[in-house]
Amino acid sequence: MQTLQFHSLSHFLYILVLFLILSSRGAEAFGAMGPIAASFGEDQVFCAIDASGKQDVICFGKNMTSPSSLPSPSSYVSSIPAMSALSGGEGFLCGILANTSQAFCWGASSTRPSVDLVLVPPAYRSVAYSHIAAGESHVCAVSGSYYAADHVSGRVDCWEIAKNGNNTLVARMNGSFLDQSVANLVVNRVVSGEGFTCGEVSTGGLVCWGPNSANLGVSNVTESFTALAAGRNAVCGAFNSTGELKCWGDPGSFSETPPDDVRFVSLSAGGYHFCGVREDNHGVECWGSLINSSAVPKGNGFMAIASSEKTTCGVREDDLLLDCWVVNASSPDFDPPLELSSPGLCRESACGNAEFAFNVSVLNEQDLTSLCAKQDLRICSPCGYNCSKGFFLSSPCTRNADRVCTACSLCQNSSCREVCGGHSSAVWWHWPHIRRYVIIIGSSVLCFLLILTCGCFLTKRKQEKGKTKKQSKSCIGKPEKDDDDDDVNVGLHSSTSVASCPGAPQVFRLSELKDATNGFKEFNEVGRGKYGFVYKAALADGRVVAVKRANAATIIHTNNRDFETELEILCKVRHCNVVNLLGYCAEMGERLLVYEFMPHGTLYDHLHGGLSALNWNLRLKIVTQVAKGLEYLHKEISPPIVHKDLKSSNILLDSEWGARISDFGLIASSDKDLNQDLKSDVYNFGIVLLEILSGRKAYESDITPPNVVDWAVPLIKQGKEATIIDRYIALPRNFEPLLKLADIAELAVRENPSERPPISEIASWLEQILKDGLIL
Numbered sequence: 102m103q104t105l106q107f108h109s110l111s112h113f114l115y116i117l118v119l120f121l122i123l124s125s126r127g128a129e130a131f132g133a134m135g136p137i138a139a140s141f142g143e144d145q146v147f148c149a150i151d152a153s154g155k156q157d158v159i160c161f162g163k164n165m166t167s168p169s170s171l172p173s174p175s176s177y178v179s180s181i182p183a184m185s186a187l188s189g190g191e192g193f194l195c196g197i198l199a200n201t202s203q204a205f206c207w208g209a210s211s212t213r214p215s216v217d218l219v220l221v222p223p224a225y226r227s228v229a230y231s232h233i234a235a236g237e238s239h240v241c242a243v244s245g246s247y248y249a250a251d252h253v254s255g256r257v258d259c260w261e262i263a264k265n266g267n268n269t270l271v272a273r274m275n276g277s278f279l280d281q282s283v284a285n286l287v288v289n290r291v292v293s294g295e296g297f298t299c300g301e302v303s304t305g306g307l308v309c310w311g312p313n314s315a316n317l318g319v320s321n322v323t324e325s326f327t328a329l330a331a332g333r334n335a336v337c338g339a340f341n342s343t344g345e346l347k348c349w350g351d352p353g354s355f356s357e358t359p360p361d362d363v364r365f366v367s368l369s370a371g372g373y374h375f376c377g378v379r380e381d382n383h384g385v386e387c388w389g390s391l392i393n394s395s396a397v398p399k400g401n402g403f404m405a406i407a408s409s410e411k412t413t414c415g416v417r418e419d420d421l422l423l424d425c426w427v428v429n430a431s432s433p434d435f436d437p438p439l440e441l442s443s444p445g446l447c448r449e450s451a452c453g454n455a456e457f458a459f460n461v462s463v464l465n466e467q468d469l470t471s472l473c474a475k476q477d478l479r480i481c482s483p484c485g486y487n488c489s490k491g492f493f494l495s496s497p498c499t500r501n502a503d504r505v506c507t508a509c510s511l512c513q514n515s516s517c518r519e520v521c522g523g524h525s526s527a528v529w530w531h532w533p534h535i536r537r538y539v540i541i542i543g544s545s546v547l548c549f550l551l552i553l554t555c556g557c558f559l560t561k562r563k564q565e566k567g568k569t570k571k572q573s574k575s576c577i578g579k580p581e582k583d584d585d586d587d588d589v590n591v592g593l594h595s596s597t598s599v600a601s602c603p604g605a606p607q608v609f610r611l612s613e614l615k616d617a618t619n620g621f622k623e624f625n626e627v628g629r630g631k632y633g634f635v636y637k638a639a640l641a642d643g644r645v646v647a648v649k650r651a652n653a654a655t656i657i658h659t660n661n662r663d664f665e666t667e668l669e670i671l672c673k674v675r676h677c678n679v680v681n682l683l684g685y686c687a688e689m690g691e692r693l694l695v696y697e698f699m700p701h702g703t704l705y706d707h708l709h710g711g712l713s714a715l716n717w718n719l720r721l722k723i724v725t726q727v728a729k730g731l732e733y734l735h736k737e738i739s740p741p742i743v744h745k746d747l748k749s750s751n752i753l754l755d756s757e758w759g760a761r762i763s764d765f766g767l768i769a770s771s772d773k774d775l776n777q778d779l780k781s782d783v784y785n786f787g788i789v790l791l792e793i794l795s796g797r798k799a800y801e802s803d804i805t806p807p808n809v810v811d812w813a814v815p816l817i818k819q820g821k822e823a824t825i826i827d828r829y830i831a832l833p834r835n836f837e838p839l840l841k842l843a844d845i846a847e848l849a850v851r852e853n854p855s856e857r858p859p860i861s862e863i864a865s866w867l868e869q870i871l872k873d874g875l876i877l
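So for the sequence shown, this note's numbering puts the first residue at 102; every next one is plus one.
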């Protein structure tokens, strides 16, 4: 499977226009034309134009994981010529050839591919077409060159594609699919369904013909359309002038249509349902019979969509990956390949109003200069409509780029404050990472005021500092160290430890920690757990730290000796992949531990909690550093420390995006169960690795199977590692390292602990993968 290098695209957010006008090649569906299309019938197959710049075709079917899973891929997928556009019918697909604008149709059965059979009647094989639409058992196409500089309207040719006595698809002329009354009409585009075709007349309006066209009830339609699609027994279109969605035909196919104020830039039709790409945020809405609304992706924008009988697939706008969802629960699963797909149709005409030319440079692919086969071609994408709540417009849509919307938390001038003013409350309560920003800013202000207020005491504290210096460099029960001791724990550092790792813990006063946390107010709280609460604190000397405060239950059930033992162990730990202890306070019954503050939060927050996504290079770096930190606890500390609760929420990210392990088991295990516990840490590490690879949580009750191990391991053992890779992250050019990570994860989560490799071996493997590098 071909893999391409690309970074995540800037998320296309909501571009303001009064009316969004798509070209006549903008709708994708059964019976419509676009860069992605699907066949209907027993063997449903999706095909899309890839983003390699060659306009090759990617195909995948039900229960297939990649193009190579199709029988005889060399004679099927690779034999499909380069296409300008695609459309799907019942058991077949059609397209317009990229080099000649001629029609090309082929059988789409996944068991008996018949790409060698050109399903176009001889009389039409040399005709150039500007538009094509495949219906259930027929095809209609608009004559004219596809790559005409200006939009081409033309007359329509139609033919039948049916099965003969040998159950083989054949193409033949059939007058019933083109009434004489419409044979001379000039149309812009066509959509086809079960026994009918509808054409948008060049002068405006919609005309339908064919044996079943009377059942649609289309009459007296004089307007043009932004988007148009046909299902088996229905047609839906969005009027260009008003944005109104209008449907004709079987009411069951378009029941519960979206609200009137929802406008669409693209439509797709399945057997008895429709889906559309919204104008405002490029999200997807689906309606019709047996709709499973929970399956429709939320939070993702799409640039093109297509539907088979009960499934819809689309090209995501932020990374150009294919994403599929089951519109009906009984529909078969489609597992699209991890390949870049074209966000639209290449054309020669300039981009119009409310459109921008898709810039291939955002993919950061050195070998690509265009997504189209010819340099003078371009893909025109619709501008986003408006910035959503909590965002302001920071850059308008231009001919070369979509508009840019920026979070209101970053607003720094009066113009954006006017837009964001009404959203401050919503931003505060519903966006956790923005709350963190506010906490950071607020804490900084408090810190500044504290420094000013306590300025008169600074001289006295400097004098006291000399008296307490030796105490601040010692741990409970440990001899004091001299000032010239560079390393308090010689020999405890691993090979990755560096000089920037902190020194020995310091004894803090309760009063200064209260001041630094604003009296342990909830405003400064950044986390909580069974132990107690964690607060962000700004010390008087300017340091920002994290203060872990034991709750009453912890204090009651932990005696002083246990606390002292805990500190003894923590004093030993000094490593740059561990959240190191800076100090502690044990005054007035309080149990307070002061740690390094990790400004980038937890790994869990970035994988599952809505914080910024992590690219593959950073994910590989993080998982390697976690392994090194765990290796340090297992191998470099005597007696070894077993973490006992390694998980993504206990992995923090420092200011340089380095991974730090936190909340490890504080009392070392006994020799009796040490090896078993160490292998338990390896198992938990394997779960973290699967989370990093797949983007799935360790356990999700609403997914079957809910446990990420039960879901991922069978696929890895079947050689389908690629299917677990997180599709929300831009893939590297070199895909092999990710497959190696999957194999390492499978070893780490083996049911038999004796079959799990020690963490030192895993760390060594990961270091080698990191050394080899992911080429981005």
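In this text, a Cβ means the ideal position worked out from N, Cα and C, and glycines have one as well.
Practice item. Assign Ile-860 to one of two classes, buried (16 or more other C-beta atoms within 10 Å of its C-beta) or exposed (fewer than that). Key: buried
Check your understanding: How should Asp-362 be labelled, buried or exposed, when 16 other C-beta atoms within 10 angstroms of its C-beta is the threshold for buried?
Key -> By the neighbour-count rule (16 or more Cβ atoms within 10 Å), Asp-362 is not buried but exposed.
Check your understanding: What are the start and end residues of the alpha helix (DSSP H) that includes Phe-730?
Key -> The amino acid occupying residue 730 in the given sequence is Gly; Phe does not appear at that position. Here the alpha helix (DSSP H) through Gly-730 covers 717 to 732.
Review point. CB Ser-408 to CB Ser-369, shorter than 8 Å?
Key: yes
Review point. Can you find at least 3 beta carbon pairs, one from the region 773 to 789 and one from the region 723 to 742, that sit closer than 8 Å?
Key: Result yes; three or more Cβ-Cβ pairs closer than 8 Å.
Practice item. Assess, as a yes-or-no matter, whether the region 795 to 814 is touched by the region 836 to 855 under the definition of 3 or more beta carbon pairs within less than 8 Å. Key: yes
Check your understanding: Which residue spans inside the region 440 to 490 form an unbroken beta strand (DSSP E) run of at least 3?
Key -> 456 to 458, 479 to 483
Check your understanding: Thinking C-alpha only, which one of Gly-643, Thr-507, Asp-873 is nearest Asp-616?
Key -> Gly-643
Point to revise | Beta carbon of Gly-190 nearer than 8 Å to that of Gly-236 | key: yes
Exercise for review: Let me know the secondary structure DSSP gives Trp-758 once reduced to three states.
Suggested key: coil
Exercise for review: Decide if Gly-353 is buried, meaning its Cβ has at least 16 other Cβ atoms within 10 Å, or exposed.
Suggested key: exposed
Check your understanding: Is it right to say Gly-620 is buried, meaning 16 or more other beta carbons lie within 10 angstroms of its own, or is it exposed?
Key -> exposed
Practice item. Below 6 Å CB to CB, which residues in the same chain sit around Glu-732 once its five sequence neighbours on both sides are set aside? Key: Ile-860, Ser-861, Ala-864
Check your understanding: Using the C-alpha atoms, what's the distance from Arg-379 back to Val-724?
Key -> 38 Å
Exercise for review: Find the nearest neighbour of Arg-479 within the set Glu-697, Asn-321, Ala-152, judged by alpha-carbon distance.
Suggested key: Ala-152
Point to revise | For Cys-160 and Phe-99, believed in contact at Cβ under 8 Å, the rounded distance | key: For the chain, the structure presents residues 102 to 877; residue 99 sits outside this window and is missing.
Check your understanding: If you draw a straight line from the C-alpha of Phe-297 to the C-alpha of His-239, how long is it?
Key -> Roughly 9 Å separates the two Cα atoms.
Practice item. Please confirm if the region 782 to 790 is in contact with the region 396 to 405, defined as three or more CB-CB distances below 8 Å between the two stretches. Key: no
Practice item. Can you give me the Cβ contacts of Ser-496 inside the same chain, cut-off strictly under 8 Å, excluding the 5 residues immediately before and after it? Key: Ala-502, Arg-504, Val-505
Check your understanding: Within 10 angstroms of its Cβ, does Arg-333 collect 16 or more other Cβ (buried), or is it exposed?
Key -> The residue in question, Arg-333, is buried, as its Cβ has 16 or more Cβ neighbours within 10 Å.
**Study point:** Gly-787 - containing alpha helix (DSSP H), residue span
**Key:** 775 to 795
Check your understanding: Using 8 Å as the limit for Cβ to Cβ distance, is Glu-301 near chain C?
Key -> Considering every chain present, this structure includes no chain C. It has just one protein chain.
Point to revise | Bounding residues of the beta strand (DSSP E) (the contiguous stretch that carries Ala-864) | key: Careful: Ala-864 lies outside any beta strand (DSSP E), inside the alpha helix (DSSP H) at 860 to 873.
Check your understanding: Just reading off the alpha helix (DSSP H) that Ser-394 is part of, what are its end residues?
Key -> Premise fails: Ser-394 is in no alpha helix (DSSP H) and is neither H nor E.
Review point. Does the distance from the C-beta atom of Ser-185 to that of Gln-156 stay below 8 Å?
Key: Going by C-beta atoms, Ser-185 is nearer than 8 Å to Gln-156.
Check your understanding: Considering only the beta carbon of each residue, do Cys-481 and Gly-154 sit closer than 8 Å?
Key -> no
Practice item. Take the Cβ of Lys-649 as the centre, count every other Cβ of all protein chains shown within 10 Å, and call the residue buried at 16 or more, exposed below. Key: buried
Practice item. Taking the CB atoms as reference points, tell me whether Val-308 and Cys-299 lie closer together than 8 Å. Key: yes
Practice item. Identify whether Asn-625 lies in helix, strand or coil by the three-state DSSP scheme. Key: helix
Check your understanding: Does the region 800 to 808 come close enough to the region 821 to 834 to have 3 or more Cβ pairs within less than 8 Å?
Key -> no
**Study point:** Straight-line gap, Tyr-373 to Ala-133 (C-alpha atoms, nearest Å)
**Key:** 15 Å
Check your understanding: By Cβ distance below 8 Å, which residues in the same chain neighbour Glu-345 in space, the five residues on each side in sequence not counted?
Key -> Ala-339, Asp-361
Exercise for review: Give the single residue among Gly-759, Ala-455, Pro-312, Ala-224 whose Cα lies nearest to the Cα of Asn-718.
Suggested key: Gly-759
Point to revise | Buried or exposed by the 16-neighbour rule on C-beta atoms within 10 Å, applied to Ser-395 | key: exposed
Point to revise | Nearest-angstrom Cα separation, counted from Ser-489 out to Glu-665 | key: For Glu-665 and Ser-489, the distance between alpha carbons rounds to 52 Å.
Review point. Below 8 Å between beta carbons: does that hold for Ile-233 and Ala-263?
Key: no
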